[in-house]
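Just below is one structure, and these are the notes that go with it.
Numbering (this note's numbering), first residue to last: 22 to 111.
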């Protein structure tokens, strides 16, 4: 069997936005404001702002919206996001 799950609540992994890469993709897509990004991604402007500042982690809707909005420039998940393990290290 594998290692036990991390103790406590929450996920085994954390997804973080690569802010500089996200902003670069937005510029390349001519989506240079939260007003332009929000409808293209299908999320609220406040969600974009909160994820960009680190106040909120990107959820499924944000991730899917970003990938859909930036699809014309062929941005991949790993270009915009990094996945961190929350498993304890020995």
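Every residue gets a Cβ at the ideal spot worked out from N, C-alpha and C, and that includes glycine.
Quick caveat, the model's predicted, so the values are computed rather than measured.
Taking a contact as a CB-CB distance under 8 Å, the pair residue 104 and residue 36 counts as one, their CB atoms being some 6 Å apart. Ranked by Cα distance from residue 82, the first of 33, 62, 71, 100 is 62. Note on geometry: alpha-carbon atoms of residue 34 and residue 51 lie some 32 Å from one another. Shortest Cα-Cα distance from residue 98 to any of 74, 80, 76 involves 80. Secondary structure remark: continuous alpha helix (DSSP H) runs of at least 4 residues inside the stretch 62-90, in chain order: 66-74, 81-90.
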